[in-house]
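Take a look at the structure set out below.
Number of protein chains: 2
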Amino acid sequence: MAKARVEAGTIGGNRDRRPSLVDDAYAAMRDAIREARLPPGYQASEQEIALRLGMSRTPVHEAAIRLQEDGLVRVLPRRGIRILALAPEDMREIYDVIIAIEGRAAELVATLSGPERLRAADDLDAHTRAMEAAQAAGDLPAWGRADAAFHAALIGHARNGRMSRIVQAINDQSHRARMLTLNLRRGLEASGADHRQIAAAIRAGESEVALAAARDHRLRARSELLPLLADCGLTHL
Amino acid sequence: MAKARVEAGTIGGNRDRRPSLVDDAYAAMRDAIREARLPPGYQASEQEIALRLGMSRTPVHEAAIRLQEDGLVRVLPRRGIRILALAPEDMREIYDVIIAIEGRAAELVATLSGPERLRAADDLDAHTRAMEAAQAAGDLPAWGRADAAFHAALIGHARNGRMSRIVQAINDQSHRARMLTLNLRRGLEASGADHRQIAAAIRAGESEVALAAARDHRLRARSELLPLLADCGLTHL
DNA sequence: GCGCGCCAACTTCCATGCAAGATGACATGC
DNA sequence: GCATGTCATCTTGCATGGAAGTTGGCGCGC
C-alpha cells in the first residue's frame, strides 16, 4: 500500500518533513533553555544530553550548532555546550532590534490595503482585549501570552518572513527575562492603551503614527525594564 | 616546549579558536555561494562538496546546517543541498529589514557622546570620500566596496552585536544581487550626497535627522533597484 | 502511446570508533 | 607556599558504515 503523504497546507509555512532526531533534539533543548530547565551558565557535555534524550551524540551535536546560530548556547570546542546568560547589556541590544523591526512592521501593516488593514487591526484589538481580560482576572501568565500574541500578530501581518525569523530568535533569547519580569511589572494598563493606539493607527492607515506608536511602546517598556533589572541586581539571567 | 598560544587581540571580536574543518567548509561554501561559483538553484550532494574540499561528509554537513540557518541554502533531507535563489519579493523583504535596522543604528550613533560621534562621522566621511574617488576613477567594484564599508561602519558604530549579525546575514543573502546591479545603477552621486547627510546629522547629534536620512537613503535605493530587476526580467538570482 | 509498479542507484541520517585537545590533580623542585 | 611539568580522564572533531528514504528509468500490461 502506498504511503499516504499528507501535505497539509500549513498556514504558517511549516516545514513539510516529519521531524528527524536532530529536530527533536533541537526542540527539546530549545524548550529546556526557554523554561530554564537548562539554566543559564550551565555547561553540559553533548554525551550527557544525548543520554538524557535517548539518542547518540550526532543529532545533539547538530542541534547544538543550530542553537548556537540562534544565540542560545555557545559550543566550546572539546569542552561542551554552555547555556548563554543574558546581561542587561543584551537586553538593551535586544530592545533596539525590536524597536527597529517592530516599528517598521507597524508602518508596513498600516500601508496595507483597506480590508487587510481592518483585518489586522481587528486581530490586534482581539489580543488587546484578551490582555485586558487577563488583567481583570489577575491572570498574569495569560496576560503575558496575550501580550506576546499581540506582538507576534503585529509582525505576522507585515508579511516579511525575515522579520518574523529575526523576532522569533530575539524572543527565544529574551523569553527567560520576560517571564522573570512579568511579575515585577507595573503599568499594565499603559500597555493596553499603547496597543489600542497602534491598532487604531493601522486601522486608519496612518503609517507614520503607527510607526511612532510602536516605537514609543517599546521604548517605554525598555525604560521601565532596565532599571527594574538593575534594582534586583540581575546581571546574568 | 610549551605551545605558544597566541591570543591575538582581534579588533572585530573574532572567535578565539583556530579554524576547524567545519569552519573551513563553512567559509568555502559561503564564499562560493556569494561569488556564484555555486550558482542559485544548483543542487549538490554533500559527498560531492566533501570530495571537492578534500574532507569527509561530516564537516560539510555541519557547515550546511549553519548555512541553512543563515538563509543561504536549503538542506533537503536525503536529497542534497540546494543553493537558494533570490526573488524580487526577497529583495523587498531584505530592504525592509535594512531600512528598519540601519535607521535605528544611525539614530543610535547620533546619540553617542560628542567625541564618539565625531569619530564615527569622520570614519563615515572617509568611506564616502573613497566612494567618490572610485566614482571619479570609474572603478565600479571599488565604489561598491566603499559603499559597503560605509554601511558596515554605520552599523558597527552603533555597537550592537545583534544588529551586526542580522545585517551580516542579510548582506550575505543579497551579495549576488548587489554585484549584479552594481553595473546597472544610476545616481551614484545621489548616494554620496545621502551618505554625507547621514554623517552630518550624526556629527551634529541630530538623531531624528540621522534616522530619517538613513531611512530615505535605503527607501530610495530600493525604489530604484526593484524596477531595475523587473526590467531585466530577473526573477531568480 | 500511456500509465503504473518495481528496482537499482544515490543520498542522507544516525551510531560508533579513533585520535587529539582540554582540564584538573598531583608530584616535584625551589 | 608557589610555580611547573606530567598524566589520567573527559570531551569533542571527524571518518566511516549500515539502514532507510528518494528518485528516475525500465519493462509490463493495456
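Chains A and B, in that order, give the protein sequences.
First residue of the first sequence: 1030, per my numbering; consecutive thereafter.
First residue of the second sequence: 1030, per my numbering; consecutive thereafter.
Quick reminder that beta carbons are idealized off the backbone N, C-alpha and C, glycines included.
Per DSSP, Leu-1105 (chain B) is one residue of the beta strand (DSSP E) stretching across 1102 to 1105. The Cβ of Ala-1129 (chain B) sits closer than 8 Å to at least one Cβ of chain A. Bounds of the alpha helix (DSSP H) holding Arg-1225 (chain A) are 1217 to 1233.
If you draw a straight line from the Cα of Asp-1201 (chain B) to the Cα of Ile-1094 (chain B), it is about 16 Å long.
Judged by DSSP secondary structure, Gly-1109 (chain A) falls within the beta strand (DSSP E) whose first and last residues are 1109 to 1112. A residue is called buried when at least 16 other Cβ atoms come within 10 angstroms of its Cβ; Ser-1193 (chain A) meets this threshold and is buried. For Gly-1100 (chain B) against Ala-1198 (chain B), the beta-carbon gap comes to about 6 Å, under 8 Å, which counts as contact.
Residue state for Ala-1166 (chain A) is assigned as coil, using DSSP reduced to three classes. B:Glu-1161 is the residue among B:Glu-1161, B:Ala-1166, B:Gly-1167 whose C-alpha sits nearest the C-alpha of Ala-1175 (chain B). Excluding five sequence positions before and after Gln-1226 (chain A), the CB atoms of its chain that fall closer than 6 Å to its own CB belong to Ala-1242, given in chain order.
Here Pro-1069 (chain A) is near Leu-1113 (chain A), since their CB atoms are less than 8 Å apart. When the five nearest sequence neighbours on each side are left out, the beta carbons in the same chain lying within less than 7 Å of the beta carbon of Arg-1232 (chain A) are those of Arg-1146, Leu-1147, Ala-1150, in order along the chain.
By the Cβ-count criterion, Leu-1183 (chain A) is buried, with 16 or more other Cβ atoms from all chains shown falling within 10 Å of its own Cβ. Here the segment 1243 to 1252 of chain A does not lie against the segment 1048 to 1060 of chain B, with fewer than 3 beta-carbon pairs under 8 Å apart. By the CB criterion at 8 Å, Ser-1203 (chain B) and Ile-1128 (chain B) fall outside the cutoff. What Arg-1133 (chain A) touches in chain B, judged by beta-carbon distance under 7 Å, is Asp-1125, Ile-1128, Ala-1129, going in chain order. It is roughly 18 Å from the alpha-carbon of Ser-1236 (chain B) to the alpha-carbon of Ala-1222 (chain B). Here Val-1104 (chain A) has Ala-1093, Gln-1097, Ile-1110 as same chain residues with Cβ atoms under 6 Å from its own Cβ, once five neighbours each way along the sequence are excluded.
Here the alpha carbon of Ala-1135 (chain B) sits roughly 42 Å from the alpha carbon of Ser-1074 (chain B). At a cut-off of 8 Å between C-beta atoms, Glu-1122 (chain A) counts as an interface residue with respect to chain B. Taking each of B:Ala-1079, B:Glu-1131, B:Ile-1062, B:Arg-1063 in turn and checking the Cα distance to His-1224 (chain B), the smallest one comes out for B:Glu-1131.
In this structure, Arg-1214 (chain A) and Asp-1125 (chain B) do not form a Cβ contact; the two beta carbons are roughly 30 Å apart against a cut-off of 8 Å.
Ala-1073 (chain B) sits in a strand when the DSSP states are folded into three classes. Nearest to Ala-1250 (chain A) by alpha-carbon distance, out of A:Ala-1228, A:Met-1120, A:Arg-1047, A:Ile-1062, is A:Met-1120. In this structure, His-1180 (chain B) lies away from Val-1138 (chain B), with their beta-carbon atoms at least 8 Å apart.
At a C-beta separation below 9 Å, Asn-1200 (chain B) has no neighbours in chain A, since its nearest C-beta there lies roughly 12 Å away. In the structure shown, Met-1120 (chain A) adopts helical secondary structure according to DSSP, grouped into three states.
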